[in-house]
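What follows is a single structure, written as structure tokens, with notes after it.
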Amino acid sequence: MGDPIICPVCGKKAKTGSAIDCARHMFGTGDKPHRQWVDAQGLSFIDLLIEQATTPGNKSYELLAEYIEKDAQKKAAEKKG
Amino acid sequence: MEKKKLRLTVNKQEYEVYINPKALLVEVIRDEIGLTGTKRGCDTVSCGTCTLMINGMSVKSCSILAMQAEGAEITTIEGLEDNGKLAPIQKAFIDHGSYQCGFCAPGMIMSAQALLNENPHPTEWEIREGIEGNICRCTGYNSIVRAIDATAKGAYKEDRS
Amino acid sequence: MNKYTVINPPSDFKVINTHVHNIDGVAKVTGRATYTFDVKLPNMLYGKILRSPHPHAKILNIDYNKALQLRGVIGVATGKDTLGVKQGIWRRYQDLCDEQILPVDKVRYIGEPVAAVAAITEEIAEQALNLIDIDYEVLPAVYEPMEAIKKDAPEIHEGFERNINVTRHIEWGDVEEAFEEAEYIREDWFKCGGQAHMCMETRAAVSDYTPDGKLTIYHSNQSPYYMQGLMAGVLGMREGDIRIISTYVGGGFGGKFELDGAIFCSAVLSKKLFRPVKIVFTREEDFIATKRRTPMFYYVRTGVKKDGTFCAREAKVFTNGGAYTGMGATALYLTGFFHSFPYRWPGYRYDGYRVYTNTLPSTSMRGFGAPQAMWCSEQQIEWIAADLGLDPIDMRRKNSHYEGYEVPGQATIASCGIDQCYDEIKKWIASKGKLPPNRSIGLSACGFMSGGIFNWFDTPYSFSSAVVTINQDGTVELHVGAQEIGQGSNTTMAIICAETLGVKIEDIKVHSGDTDHCPPDLGAWGSRQTLMSGNAVKMAAEDAKKQLLEFAYAQSGLNIVYDLDIKDRWVHAIARPERGYDYGELVKKALRGKDGQRIVGRGYYTPHRKGMISPAYSYMLQGVEVEVDEETGKIKLVDTMTAHDCGQPINHLGLIGQLEGAFSMAAGYGYLEYMPYEDGKLMNPNLVDYKMIRATEMPPANIAEIDTYEPEGPYGAKEAGEGLTNPTAAAIGNALFHRFGIQLKECPIRPEMILNGLKEKAGQDKAAGKDKPGKKK
């Protein structure tokens with residue numbers, strides 16, 4: 202575990218500060234800046250949303266959480282270096 | 050179309066009006082004679098809010114032309130009370146909470162009164178059949194049935210002493 | 018901190034929960050009640066609306082010159098006569114304010130208003146509609162949410178990718194882990210239909226704009242304050258220059274607290290022509306052009322232990338939003354929340370998506386998304402109980418809410434009588450003994466809110482306010498913003514006022530339905546008025562009583578430890594009730610003491626820090642006995658029992674009426690009120706083909722009222738009347754499941770669905786050994 206994750210778009214710490222809570226926050230907000238960040242990672246915000254709605258499980262949130270985690274690690278590494 | 054003269058007896062009062070011969074009775078009652086207690090809720094003779102009595106029988110006033118009612122005794126909701134004294138069925142409705150928004154109430158009360166005119170001691174099923182033509186969206190009908198039943202059993206008989 | 022004091026109510030109420038007559042009785046049973054439908058003003062014109070025949074089209078040109086030439090036509094209005102404001106009731110979220118009512122650029126559903134004519138008679142206005150020429154560029158349309166989210170679907174609102182209008186997410190617990198704990202998992206897909214409000218009084222408005230810049234509108238609505246605020250927004254006027262009058266309203270049921278075509282078009286016409294304009298919808302217009310209950314597609318996955326303990330639930334919902342948002346965003350939220358009720362879920366997740374389509378917009382309707390939620394939840398729970406061989410009542414009971422329970426991150430349940438509800442229903446079932454072979458009983462539980470904590474309307478006012486003024490003869494003017502729509506609000510407020518002040522019900526005169534004279538109140542929706550407006554009334558009456566009693570204390574010479582009170586018009590020391598005097602005497606003394614000024618008490622209420630949804634929840638369990646003709650698939654409702662907890666009942670006759678009425682509407686949703694659409698067109702916009710329950714079809718509606726005390730409500734009261742619309746569809750479905758073993762996924766239930774279900778089941782039984790939908794671990 203590391204430091205709590207804050208949203209790379211709006212700086213909010215969602216709930217427990219886990220990557221998945223941040224993913225939930227991004228989908229929940231759904232405004233242009235958050236969507237653009239998701240799309241900039243090479244994902245499609247809308248397709249993830251539709252997948253979340255039409256298949257069992259939490260795949261979309263988990264996938265986005267992975268990207269958020271990677272991004273947070275990258276930022277932490279940049280800080281150190 | 051040229052307007053025609055029409056004499057209507059409503060609530061024991063004779064009215065003389067000039068109307069379009071195509072006018073429905075409900076339109077003449079509400080718009081010419083100005084009795085707005087009788088309502089209108091559909092165009093397919095389905096809802097019953099326009100119910101009044103003609104010669105003591107319940108009639109959906111959207112289903113007949115005004116001209117067809119000439120010479121008959123028309124009673125609307127306004128004609129049920131007697132000099133400020135409510136009819137037994139009206140007292141029953143109040144006592145049983147048999148109305149909520151009240152829009153269907155005039156037509157419902159007229160159907161109820163006509164039923165009791167024809168069948169003074171109806172069974173519960175006969176009561177339900179008697180008001181089958183009146184839709185109520187608010188009450189679920191059971192309080193209305195209770196009121197009619199109580200009226201039939203003499204609970205709100207007028208004091209004639 | 019609450020600004021009113023809740024005291025332990027006396028157990029001997031003088032007015033509360035007694036056989037009080039509805040105070041609007043004489044007006045309503047004698048034909049004296051004047052609805053907007055009846056209003057006539059001097060110099061008034063009649064308006065008619067021209068509607069779009071296309072589900073999706075650009076408006077290229079509107080030519081109404083010929084219409085203007087028809088004798089008797091005074092004027093025509095189109096979107097060009099408006100400010101083009103996109104309005105909506107979720108004012109705090111500008112994206113969701115998406116409806117112009119008279120659109121400027123394009124139409125999005127069949128029946129949408131495009132132009133409005135005002136003439137000296139209704140007949141002439143109607144003729145004029147045929148003389149208006151409109152050039153449309155027809156666009157491709159889409160009608161189903163699952164089609165509308167496809168990549169190549171036509172865009173209905175600019176900027177809403179894939180036509181996704183609103184999304185909502187509710188979650189608590191570790192859902193994945195909770196599913197791991199489950200020993201039996203079941204997933205099902207459901208389809209919930211729409212429903213028409215079918216108010217007996219169709220939409221109606223009379224707008225009167227005068228040269229001094231003031232606008233008076235007679236309107237059939239559930240919230241005069243909302244209408245005032247919304248009309249000010251669309252017309253660019255000050256709220257204070259608009260007066261809304263809604264004295265008698267012929268039903269609302271959730272369809273009349275938004276702007277409709279009648280109020281909007283009549284106001285635009287009146288503003289243009291400086292004459293009163295009356296618009297009344299025909300029944301057909303009411304069916305095709307007023308928003309409906311939200312149709313929903315539900316996916317539910319539920320995990321439980323073999324002993325029936327609930328572990329996890331995951332729900333994914335698409336709602337058919339139709340062409341505009343309306344109140345659909347709230348329905349999307351509430352359906353997901355009440356889908357968890359009345360049970361404890363260690364892990365719960367809901368994802369809801371509202372999708373635009375080119376159909377009639379969907380919105381709130383009594384139950385607000387909960388009837389749909391219960392249709393799915395309560396049936397699946399019944400099937401799980403059957404799959405596991407468990408008693409459905411016991412399984413529900415062991416997982417139910419209780420007083421003090423916290424729905425994680427969402428709500429604190431301060432009062433809950435559901436446990437006793439189970440006892441009452443068990444008694445009822447037992448009393449029936451063995452049922453005849455063609456009958457069966459189905460159950461459904463649910464819970465519902467007493468008003469919402471949300472302020473998406475963005476009002477700076479208290480959610481409810483009230484003013485009590487005492488006249489010299491002891492009669493009381495009670496001014497409330499709470500709106501009477503038939504639910505008995507005027508009477509309920511009068512009861513609370515009379516009880517609190519200590520006078521008789523006939524001493525109270527209620528003023529409501531007029532923004533010129535009444536304080537603001539959010540209005541009649543979400544079952545909020547008994548709790549919220551009731552609290553405001555109680556506070557106002559307590560304030561007035563306190564001021565009155567000051568004069569009684571002054572002259573009483575009582576020791577400081579003794580209290581005075583007024584009960585039944587009798588001023589007395591609580592310790593010595595037999596000694597006292599008439600309240601009328603005190604009123605006169607107080608008047609003199611205040612220099613001739615009447616005593617005025619003020620009260621108000623806004624929920625603070627009461628969770629995410631509502632300050633209080635009512636609970637119920639309903640059993641419905643159903644008879645089905647196996648040959649025709651026709652359903653007959655035989656009997657019903659509802660065990661119900663609404664805290665402290667206030668309006669006794671009103672409560673019974675609400676329960677019976679809610680049942681009739683809920684039954685309609687369960688098996689009668691089907692709304693078939695074809696290419697965006699409603700196929701049955703009339704009362705011959707749209708099935709309404711009749712007096713001959715309504716069963717006895719027995720009630721067992723469970724007494725609880727809700728600390729947040731006036732005298733312990735909670736909502737009654739909307740929650741009761743929630744369980745019935747599922748209860749009917751469960752009755753059919755118990756008799757035939759068929760699992761119906763779509764409501765309203767039609768006879769052919771039963772017959773097909775029976776056929777399928779017969780086929781399945783033949784090929785025995787097929788996998789059941791549940792997955793055993």
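Residue numbers (our numbering), protein chains in the order written: chain A, 202 to 282; chain H, 50 to 210; chain E, 18 to 794. Heads up, the beta-carbon is just placed ideally off N, CA and C, and yes, glycines get one too.
Along chain E, which residues have their Cβ under 7 angstroms away from the Cβ of residue i?
| i | result |
| --- | --- |
| A:Ala254 | Lys333, Phe335, Asp368, Tyr370 |
| H:Thr93 | Asn703, Leu704, Val705 |
Distance cutoff 7 angstroms, beta carbons only. Does residue i sit that close to anything in chain H?
| i | result |
| --- | --- |
| E:His38 | yes |
| E:Glu218 | yes |
| E:Ser681 | yes |
| E:Thr509 | no |
| E:Tyr713 | Strictly speaking, residue 713 of chain E in this sequence is Thr, with Tyr absent from that position. For E:Thr713, the answer is yes, since a Cβ of chain H falls inside 7 angstroms of its Cβ. |
| E:Ala135 | no |
| E:Thr299 | yes |
Quick test of your reading: residue i and residue j, contact by CB under 8 angstroms. State the CB separation rounded to the nearest angstrom.
| i | j | result |
| --- | --- | --- |
| A:Thr368 | E:Lys333 | The shown model of chain A, from 202 to 282, leaves out residue 368 of chain A, and the question about it has no answer. |
| E:Val317 | E:Arg456 | No, E:Val317 and E:Arg456 are not in contact; Cβ-Cβ is about 28 angstroms, not under 8 angstroms. |
| E:Lys735 | E:Leu548 | 6 angstroms |
| E:Gly469 | E:Ile630 | 6 angstroms |
| E:Gly268 | E:Glu301 | Incorrect: roughly 17 angstroms between the Cβ atoms, too far for contact. |
Roughly how many whole angstroms lie between the Cα atoms of residue i and residue j?
| i | j | result |
| --- | --- | --- |
| E:Phe281 | E:Met248 | 8 angstroms |
| E:Ile91 | E:Lys83 | 12 angstroms |
| H:Glu207 | E:Arg596 | 40 angstroms |
| H:Asn132 | E:Cys764 | 51 angstroms |
| E:Asn19 | E:Val285 | Note on E:Asn19: pLDDT 19, under 50, position unreliable in the model; no value is reported. |
| E:Ile118 | E:Glu129 | 8 angstroms |
| E:Tyr600 | E:Ile583 | 7 angstroms |
| H:Met159 | E:Val155 | 49 angstroms |
| E:Ile813 | E:Leu638 | Nothing about residue 813 of chain E can be reported from this structure: the residues present for chain E run from 18 to 794 only. |
| E:Tyr242 | E:Gly738 | 22 angstroms |
| E:Leu753 | E:Asn719 | 21 angstroms |
| E:Phe30 | E:Gly674 | 21 angstroms |
| E:Lys792 | E:Ile401 | Residue placement at E:Lys792 is poorly supported in this model, since its pLDDT is 45, which falls under 50; the coordinates still yield a value, given next. Cα to Cα, the separation comes out at about 11 angstroms. |
| E:His418 | E:Asn701 | 41 angstroms |
| E:Leu704 | E:Glu420 | 44 angstroms |
| E:Val641 | E:His755 | 12 angstroms |
Name the chain E residues whose beta carbon is nearer than 8 angstroms to that of residue i?
| i | result |
| --- | --- |
| A:Ile207 | Result: empty, since nearest Cβ-Cβ is about 19 angstroms, beyond 8 angstroms. |
| H:Gly139 | Rather than Gly, the amino acid found at residue 139 of chain H in this sequence is Gln. Near H:Gln139 (Cβ distances below 8 angstroms), the residues of chain E are Val46, Thr47. |
| H:Val194 | Ala712 |
Any beta-carbon of chain A closer than 7 angstroms to the one on residue i?
| i | result |
| --- | --- |
| E:Arg318 | yes |
| E:Thr374 | no |
| E:His589 | no |
| E:Lys792 | For E:Lys792, the predicted structure reports a pLDDT of 45, less than 50, and the residue's modelled location is therefore unreliable. The matter cannot be settled from this model. |
| E:Ile487 | no |
If we cut at 7 angstroms on Cβ distances, does residue i have a partner in chain E?
| i | result |
| --- | --- |
| H:Ile197 | no |
| H:Cys96 | yes |
| H:Asn191 | yes |
| H:Pro169 | no |
| A:Lys213 | no |
Please compile the residues from chain A whose C-beta is within a distance smaller than 7 angstroms of the C-beta of residue i.
| i | result |
| --- | --- |
| E:Glu178 | Ile247 |
| E:His186 | Arg225, Phe228, Gly229 |
| E:Glu193 | Asn259 |
Applying a beta-carbon distance threshold of less than 8 angstroms, which residues of chain D neighbour residue i?
| i | result |
| --- | --- |
| E:Ile502 | Given the protein chain composition of this structure (A, H and E), no chain D is represented. |
In chain E, which residues lie less than 9 angstroms from residue i when you measure between Cβ atoms?
| i | result |
| --- | --- |
| H:Lys206 | Chain E residues near H:Lys206: none, gap ~17 angstroms exceeds 9 angstroms. |
Task: Cβ-based contacts, 7 angstroms cut-off: residues of the stretch 225 to 252 of chain A near chain E - done: Arg225, Phe228, Gly229, Gly231, Ile247, Leu250, Ile251
TODO: Determine which residues of the stretch 53 to 74 of chain E have a Cβ less than 8 angstroms from any Cβ of chain H, and write them out in chain order.
DONE: Phe54, Asp55
Open item on the list: Output needed in chain order: residues of the stretch 539 to 573 of chain E with a Cβ under 9 angstroms from some Cβ in chain H.
Closed with: none
Open item on the list: Any C-beta of chain H within less than 9 angstroms: which residues of the stretch 255 to 272 of chain E qualify?
Closed with: Tyr265, Val266, Gly267, Gly268, Gly269, Phe270
Open item on the list: Tell me which residues of the stretch 716 to 733 of chain E have at least one Cβ-Cβ distance to chain H shorter than 8 angstroms, keeping chain order.
Closed with: Pro717, Ala718
Task: Under 8 angstroms (Cβ pairs) to chain A, residues found in the stretch 149 to 182 of chain E - done: Ile166, Glu178, Arg179, Ile181
TODO: Quick one: which residues of the stretch 193 to 210 of chain E get their C-beta closer than 7 angstroms to a C-beta of chain A? List them in chain order.
DONE: Glu193, Glu204
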